[in-house]
Each structure stands twice: as structure tokens, then as C-alpha cells.
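Asker:
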Amino acid sequence: MASKINANKSVLVVGLGRFGAAVATTLDDMGQDVLAVDRDAQIVARWSAHLPVIQADMTDVAAIEQIDASQFDTAVVAIGDSVEASVIVTGNLLDAGIVDLWAKSVSREHARILQRIGARHIINAETDAGKRVGHLVSGDYLDYIEIDGPYTVVKIHTPSHAVGRSIEEAQVHDKYGVTVVGVKAPGKEFQYGFKELVMHRNDELIIMGKQDQIDRFLRG
Numbered sequence: 091m092a093s094k095i096n097a098n099k100s101v102l103v104v105g106l107g108r109f110g111a112a113v114a115t116t117l118d119d120m121g122q123d124v125l126a127v128d129r130d131a132q133i134v135a136r137w138s139a140h141l142p143v144i145q146a147d148m149t150d151v152a153a154i155e156q157i158d159a160s161q162f163d164t165a166v167v168a169i170g171d172s173v174e175a176s177v178i179v180t181g182n183l184l185d186a187g188i189v190d191l192w193a194k195s196v197s198r199e200h201a202r203i204l205q206r207i208g209a210r211h212i213i214n215a216e217t218d219a220g221k222r223v224g225h226l227v228s229g230d231y232l233d234y235i236e237i238d239g240p241y242t243v244v245k246i247h248t249p250s251h252a253v254g255r256s257i258e259e260a261q262v263h264d265k266y267g268v269t270v271v272g273v274k275a276p277g278k279e280f281q282y283g284f285k286e287l288v289m290h291r292n293d294e295l296i297i298m299g300k301q302d303q304i305d306r307f308l309r310g
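Start counting the sequence shown at 91; every next residue gets the next number (our numbering).
Okay, here's the thing in C-alpha cells:
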């Protein structure tokens, strides 16, 4: 299992179809505190050896209370086979007090309903891959793009250990193996990552590297 980056994040994933399973396994691989839930006993049995998972029907308020859903920092509603169930579960979790809620939509109308009832993040099932969403839910990345081979491109805020230092001074490549492709400072134009460029607290860095290298750079 990968070492934990955002140690205090706990995530509830509801629905273990292909999309939900990708979100849950990605978060688990990153060391996040994940609990997956599905109402189908066969699906739960299939994933029980790989993830913390329980069987429950989250359209039932009693199930929400039984697993103490209000204690989770974040929830991902990954139900795609029933718009009605998706909306009810989303509403139940919002009522339980989960503010950081991500919900998968299967149509514009579905997305509109989810937005109206208060889902903070609407996931387009056709364009947002589960692995990418898993990384975004973790809270460490502003954006995540997986490319062919072992490399990944991510957008992050400057890690605290690199604030006020140039790319060369922070030894971004020599120490971590990561390449800073570019930097976008608030209110300024995008700049390519030349070695003398100083990284500031609120800058958005576009970096490329292998996953373990990126994780090390985030931790410092």
C-alpha cells in the first residue's frame, strides 16, 4: 500500500460498479481511510478481500445511521444504475452532514438534480475516469492526467517545503525525480518551469513524474 499523504481524510464510497470500484481502490492504494458500501451481497463478497467494504442499502436512513456516515470527511456516490437511488443516497448523506460530497451523474438532468440538492462535485460518468476522480477526491491534486507508461501529470499547489525556493534550489528533479512543466501564479501568465523560477505558496504547479516520485515531492 502506498504511504499516506493526506492522513486525516476519510472517504465513504457508495456503489461498487466499475467506476466506484476504481475510485475506492485508488484511494485505498494511496493510503486513504476508505469504506466502500454496496447493497449487492455478491459485489460485496467480490471486493471484501481487497477493500474495507460492507453491504447496506444507503437509500435507507437507518443504514446511514448504522455506519455512522456523518463521521466521514468526504463521500462519493458512485451509483449509476438508478437515478432515483443516486438522488436519495446523495440527499441522505447531505442530511447526515457530509459537506464534501461527490456524485456521479449519468445525464444532464441527473446532474441538475444532484446540483440542486447540494452535491458539491458532479462527476460526469462519460468523461471522468474513476482513477482520476480517486486522486482528486484525496485532496492532494488539483487535477490528474494519466499518460501512457508509468508517468502521470498532475496540478498541485506548491508543497510547503518548496515555498519561496526556486526549482533548482528545491532540487525538484535531482532529489525527487519530478519535472516542473510550468507554474501558474495567481493573476499572472503561465510560465514554463525554468530552473531559476521561484515557487510561491498559492502557485499552481504542473508537474510530471512517476506516482511514487510525485508522492515523495508532496511530502517533502
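Idealized CB from N, CA, C, for every residue including glycine.
Taking C-alpha atoms, which residue in Val189, Arg210, Ile169 lies nearest to Ser197?
Answerer: Nearest C-alpha to Ser197: Ile169.
Asker: In the DSSP output, which residue or residues are listed as bridge partners for His247?
Answerer: Glu294
Asker: Cutting at 7 Å between CB atoms, please list the residues of its own chain near Ile133, excluding the five before and the five after it.
Answerer: Leu106
Asker: Give the single residue among Asp171, Val227, Asn214 whose Cα lies nearest to the Cα of Leu117.
Answerer: Val227
Asker: Taking the C-alpha atoms as reference points, what is the distance between Arg306 and Tyr266?
Answerer: Across the structure, Arg306 and Tyr266 are spaced so that their CA atoms are roughly 7 Å apart.
Asker: Please list the terminal residues of the continuous beta strand (DSSP E) segment that includes Thr38.
Answerer: The chain is shown from 91 up to 310; residue 38 falls before or after that span and cannot be answered.
Asker: In its own chain, which residues sit with a C-beta less than 7 Å from the C-beta of Thr180, not counting the 5 before and 5 after it?
Answerer: Val167, Leu191, Ala193, Leu204, Ile207, Ala209
Asker: Cutting at 6 Å between CB atoms, please list the residues of its own chain near Val262, excluding the five before and the five after it.
Answerer: Val268, Val270
Asker: Between which residues of its own chain and Ser160 is the CB-CB distance below 6 Å, once the five residues before and five after are set aside?
Answerer: Hits under 6 Å: Ala186, Gly187.
Asker: Taking the continuous beta strand (DSSP E) assigned at Val127, which residues delimit it?
Answerer: 123-128
Asker: Looking at the strands, I want to know which residues DSSP matches up with Ser256.
Answerer: Val288
Asker: Leaving out the 5 sequence neighbours to the left and right, which residues in its chain are closer than 7 Å to Ile213 when beta-carbon positions are compared?
Answerer: In the same chain as Ile213, and ignoring 5 residues on each side of it, the C-beta atoms closer than 7 Å to its own belong to Trp192, Ala193, Lys194, Ser195, Val223, in chain order.
Asker: Report the residue from Lys278, Val151, Val273, Glu294 whose alpha carbon sits nearest the alpha carbon of Lys285.
Answerer: Val273
Asker: Does the separation of the CB atoms of Pro142 and Ala126 fall below 8 Å?
Answerer: yes
Asker: Would you tell me roughly how many angstroms separate the C-alpha atoms of Asp163 and Val189, rounded to the nearest one?
Answerer: Looking at the two C-alpha atoms, the distance is approximately 8 Å.
Asker: Please report how far the alpha carbon of Lys278 lies from the alpha carbon of Asp264, in whole angstroms.
Answerer: 27 Å
Asker: Thr248 and His290 look like a contact to me (Cβ under 8 Å); what is the Cβ gap, rounded to whole Å?
Answerer: 6 Å
Asker: Compute the distance between the beta-carbons of Ala165 and Gln156, then report whether it is under 8 Å.
Answerer: no
Asker: Given a threshold of 16 other Cβ atoms within 10 Å of its Cβ, counted over all protein chains shown, does Phe109 qualify as buried or as exposed?
Answerer: buried
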